[in-house]
Amino acid sequence: MASPPSPPPHQHQQAATRRGCRSAVVTGLLAGVLLFRAALLTIEAGASLCPSTTGCLDWRAGLGDWLYGGSGDAMEEFMKEWRRGRREASLLDPVVVEAAPDSLDGLMAEMDTMLASYDRLDMEAVVLKIMAMLLKMDRKVKSSRIRALFNRHLASLGIPKSMHCLTLRLAEEFAVNSAARSPVPLPEHAPRLADASYLHVAIVTDNVLAAAVAVASAVRSSAEPARLVFHVVTDKKSYVPMHSWFALHPVSPAVVEVKGLHQFDWRDGGAIASVMRTIEEVQRSSMEYHQCDASVVREYRRLEASKPSTFSLLNYLKIHLPEFFPELGRVILLDDDVVVRKDLTGLWEQHLGENIIGAVGGHNPGEDGVVCIEKTLGDHLNFTDPEVSNVLESARCAWSWGVNVVNLDAWRRTNVTDTYQLWLEKNRESGFRLWKMGSLPPALIAFDGRVQAVEPRWHLRGLGWHTPDGEQLQRSAVLHFSGPRKPWLEVAFPELRELWLGHLNRSDSFLQGCGVVE
43 MASPPSPPPH
53 QHQQAATRRG
63 CRSAVVTGLL
73 AGVLLFRAAL
83 LTIEAGASLC
93 PSTTGCLDWR
103 AGLGDWLYGG
113 SGDAMEEFMK
123 EWRRGRREAS
133 LLDPVVVEAA
143 PDSLDGLMAE
153 MDTMLASYDR
163 LDMEAVVLKI
173 MAMLLKMDRK
183 VKSSRIRALF
193 NRHLASLGIP
203 KSMHCLTLRL
213 AEEFAVNSAA
223 RSPVPLPEHA
233 PRLADASYLH
243 VAIVTDNVLA
253 AAVAVASAVR
263 SSAEPARLVF
273 HVVTDKKSYV
283 PMHSWFALHP
293 VSPAVVEVKG
303 LHQFDWRDGG
313 AIASVMRTIE
323 EVQRSSMEYH
333 QCDASVVREY
343 RRLEASKPST
353 FSLLNYLKIH
363 LPEFFPELGR
373 VILLDDDVVV
383 RKDLTGLWEQ
393 HLGENIIGAV
403 GGHNPGEDGV
413 VCIEKTLGDH
423 LNFTDPEVSN
433 VLESARCAWS
443 WGVNVVNLDA
453 WRRTNVTDTY
463 QLWLEKNRES
473 GFRLWKMGSL
483 PPALIAFDGR
493 VQAVEPRWHL
503 RGLGWHTPDG
513 EQLQRSAVLH
523 FSGPRKPWLE
533 VAFPELRELW
543 LGHLNRSDSF
553 LQGCGVVE
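Residue numbers (this note's numbering): 43 to 560.
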């Protein structure tokens, strides 16, 4: 049987030309998609060059124009369709987006099928397919980032099993070991608790391990540890393990007092009423904060309320320091998530004038005027509400809890506590519109005009958000692990966690037995 006649030479040439054109187009599209993929990886790494994938299309198109010189009918048509497709990207059918290829290999396989089936490439179809793929990839990246942030949020809320273990072990020790029940402080040291010649440090906390590190680091850093008197205020459920720890781990020559809220003997009926007013307001706010009709707002509030600090009663009870310590005239207030690295005497001796509280915030370096070391009031309060904007200026410097020196005598001569409670009520009655729930915003209002700025070296905050440089660490007197990555959590920054763990005795049987240290 005779074989079919071979095609004329000019047909071979035309077929070869078409294959060459197809290869060139595929190569060009592949390079363009690779550029997109690089941009998406940049977004995923948190260093986005533009607000969204579609928002970057002009930039990418311009780069493609530069790479290819804008020459060739195929490229011009592609760029034209690309610019038009960019405007239509947000209108793509979700079904089309979901059906888009998941990878470069998948896209190139579909492109190869299209090129093999048609003599002329449908540029509009190509552009829409790539648009759909990019939108799908962008949504996956955003979804992954949201899941990662949510998982990190959950990790920051949990209490490690080792800390649960330590609390239970200490409570058990309190029951079976008389040494764990011994007075804290010992009777011979009790007169120091109200002696103004000593340096008094207050820590309001229910975290045994954090309190242990804060106290141990302050004693280790002190030039005169025998002058230190620590007042640890805790709640009823944490009192037994807290007492047990400090009874079995004395920090002599310093003195520690551990006192539960249930142990305060307030003979002043007004003091009891004031404390109960704050407790009831925090509980009422907690209940109403969750009662919201809008599902999106409700879910957001659930996440906010899950933060340990949002409705921690002990955080709000800092406003009652004068009632807690009626016989003291001055006290240093430390948060439990701190490490003290310098002697606190300089902070204790800060001149406050007629002000109540000394804090790092507004700092005046000289001729340049005030520089806000912390955030501004506008970062904490909602100045779109006249209730706030009529009494404060948003650009003014804010301060924060964590490391403060407090003039209790000056505080008692004011109505700061009443003002704090009033604004707590106002925020609840406004539907929590004045600020996000927290203990600091109402304090910013209540202490307005009564805060003395102290040197920034006394308080380096944010170590639960980022790692500062070595010079800052060396220069700072107190390191504050404010933020979600607390040093007792696995999500803490490793180098900062080691710094914190360095103030625990690694040979301690309680810590070893519960896996706090190795």
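We put the beta carbon where it would ideally sit given N, CA and C, even for glycine.
The beta carbon of A174 lies closer than 8 Å to those of L134, V138, V139, A141 and A142 in the same chain, with the five residues before and after it left out. In this structure, G491 is the residue among P292, M318, G491 and Q392 with its C-alpha nearest to the C-alpha of A440.
Between A258 and L270, the beta carbon gap of about 11 Å keeps them out of contact (Cβ cut-off 8 Å). Within the region 438-512, the complete beta strand (DSSP E) segments of 3 residues or longer fall at 445-449 and 493-495, listed in chain order.
For the pair V493 and G395, the Cα-to-Cα distance works out to about 10 Å. About 5 Å separates the Cβ atoms of A244 and L375, confirming a contact at the 8 Å cut-off. Across the structure, E471 and S280 are spaced so that their CA atoms are roughly 32 Å apart. A contact is defined here as three or more CB-CB pairs under 8 Å, and the region 221-240 fails this definition with respect to the region 304-315.
If the five residues before and after K278 are omitted, its C-beta is found closer than 8 Å to the C-beta atoms of G302, L303 and H304, all from its own chain and listed in chain order. Residue V324 holds the alpha-carbon nearest to the alpha-carbon of S354 among V324, R454 and G312. Taking C-beta separations shorter than 7 Å and ignoring five residues to either side along the sequence, the partners of Y462 in its chain run I361, P484, A485 and A488, following chain order. Residue burial is scored here from C-beta neighbours: R475 has fewer than 16 other C-beta atoms within 10 angstroms and is therefore classed as exposed. Boundaries cannot be given for E416, as no alpha helix (DSSP H) includes it and DSSP labels it neither H nor E. Where H231 is concerned, there is no enclosing alpha helix (DSSP H), because DSSP gives it neither an H nor an E.
Contact between L505 and F523 holds, since their C-beta atoms are separated by about 5 Å, short of 8 Å.
In this chain, the alpha helix (DSSP H) harbouring R539 covers P536 to L543.
Sequence-distant partners of F425 (beyond 5 residues in either direction) whose C-beta falls short of 7 Å from its own C-beta, in its chain, are S431 and S436. Cα atoms of S316 and R517: separation of roughly 40 Å, rounded to the nearest angstrom. Sixteen is the threshold: when 16 or more other Cβ atoms of the shown chains lie within 10 Å of the Cβ of K178, as they do, the residue is buried. The residue from L176, V169 and M153 with its alpha-carbon nearest to that of D144 is L176.
The alpha carbon of V433 has as its nearest neighbour, out of V183, S442 and L419, the alpha carbon of L419. Annotated three-state conformation of K301 is strand, per DSSP.
Minimum Cα-Cα distance from E266 among the listed residues D248, N249 and L241 corresponds to L241.
Exclusion of the five residues before and after V246 leaves V275, L356 and K360 as the residues of its chain whose Cβ lies within less than 6 Å of its Cβ. Counting along the chain, the unbroken alpha helix (DSSP H) around I314 starts and ends at G311 to Y331. G400 places its beta carbon 8 Å or farther from that of N457. If you draw a straight line from the Cα of T209 to the Cα of K171, it is about 58 Å long. In chain order, V402, G403, H405 and P498 place their CB closer than 7 Å to the CB of I415, counting only its own chain and leaving out the 5 sequence neighbours on each side. Taking the C-beta atoms as reference points, G557 is found nearer than 8 Å to S204. Burial is judged here by how many other beta carbons sit within 10 angstroms of a residue's own beta carbon; L228 has fewer than 16 and is exposed. Within the region 366-400, the complete beta strand (DSSP E) segments of 3 residues or longer fall at 372-376 and 380-382, listed in chain order. DSSP places H291 in the coil class of the three-state scheme, outside both helix and strand.
For T155, the secondary structure class from DSSP, reduced to helix, strand or coil, is helix. Here the alpha carbons of Q392 and A296 stand approximately 22 Å from one another.
Comparing C-alpha distances from W443 to each of R503, V413 and E369 shows the shortest one belongs to R503.
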